[in-house]
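Please read the structure below before turning to the comments.
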Amino acid sequence: MTSAKTIYAGCDQKLEIILREAAHIFARKGFRGATIRDIARQTGISLAGLYYYFRSKDELLFLIQKHCFEWLTLSLEQQLEGVADPVARLRLLVKNHLEYFLTNMREMKVLSHEAESLDGAFLAEIEQIKRRYYKICLSVVQELINAGKMKELNPRITVMSLLGMMNWIYNWYDAKRDGKVHDLANPMTEIFLRGILR
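Quick note, the working numbering runs 27 ahead of the 1-based positions in the sequence shown.
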């Protein structure tokens, strides 16, 4: 399963610690409620040491979002490579998304709750990465429609509904009750493909 360390691949070790712990604090206190001093206390790194890696709290949130969305997108692209069957591609999309978020619940909460906390160039770059991920998801759904495996529903509404179903799991997921990734991915894929009626 994916670890937080993998998400922050490419960071040096200290920045990885900062991003991981900052995500923990933002998830607990909210972006507006958290301070750089909170992060300094949590990491044991001085304020000067923190500001070596970022210039503002906004940039710190940007770095967390950037690493998370880039990892999610690259991982999906790699898993889909060489897979032609549209249904298999959908299953991989769901598995990749859930595996990432179940392993990184704090980051998931930050991405969901702080989606509109950035602006300017930071927001523009995050929106660009998110659009890339959305386009991959859209192509997977369109392939299902083209192959006659799915009703000809509005592809955008279909994709946004699927993402909405998967993104909200941090509010209710309980590992003891709900199981591991495949325990969630299989029923979610079936609900998405076939609905719940017999």
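Backbone N, C-alpha and C define an ideal beta-carbon position, used for all residues, glycine too.
In this text the structure is predicted, and so the values were computed from the model without any measurement.
Query raised in the report: To the nearest angstrom, how far is it from the Cα of I163 to the Cα of E104?
Result: For I163 and E104, the gap between their C-alpha atoms comes out near 8 angstroms.
Report task. Please confirm whether any heavy atom of the ligand NAD lies closer than 7 angstroms to the CB of T62. Result -> With respect to the ligand NAD, the structure offers nothing, as it holds no ligand at all.
Requested in this report: Can you say whether K136 is buried or exposed, counting buried as having 16 or more other CB atoms within 10 angstroms of its CB?
Outcome: Burial call: buried.
Query raised in the report: By the 10 Å Cβ neighbour count, where 16 or more other Cβ atoms means buried, how is H124 classified, buried or exposed?
Result: Its Cβ being crowded by 16 or more others within 10 Å, H124 is buried.
Report task. Below 7 angstroms CB to CB, which residues in the same chain sit around L138 once its five sequence neighbours on both sides are set aside? Result -> For L138, where only same-chain residues beyond five positions count, the Cβ hits under 7 angstroms are Q92 and C95.
Report task. Since I believe V121 is in contact with Y161 (beta carbons under 8 angstroms), could you give me their beta-carbon distance rounded to a whole number of angstroms? Result -> The pair is not a contact, with the Cβ atoms about 15 angstroms apart (cut-off 8 angstroms).
Query raised in the report: What residue from A61, F53, S73 and V110 has the CA that sits closest to V167's CA?
Result: Ranked by Cα distance from V167, the first of A61, F53, S73 and V110 is V110.
Query - Alpha carbon of I218 to alpha carbon of S188, nearest angstrom - result: Those two C-alpha atoms are separated by around 12 angstroms.
Query raised in the report: Between F245 and S144, is the Cβ-Cβ spacing less than 8 angstroms?
Result: With the chain running from 28 to 225 in the structure shown, residue 245 is simply not present.
Report task. Using alpha carbons as the reference points, say which of Q69, Y79, F89 and L42 lies closest to R55. Result -> Nearest option by C-alpha distance: Q69.
Requested in this report: Just confirm the distance between the C-beta atoms of T100 and I156, as a whole number of angstroms; I'd bet it's less than 8 angstroms.
Outcome: That pair is a contact at about 6 angstroms.
Query - Helix, strand or coil at T29 [DSSP, three-state] - result: With a pLDDT of 46 at T29, under the threshold of 50, the modelled position of this residue cannot be trusted, and the question is left open.
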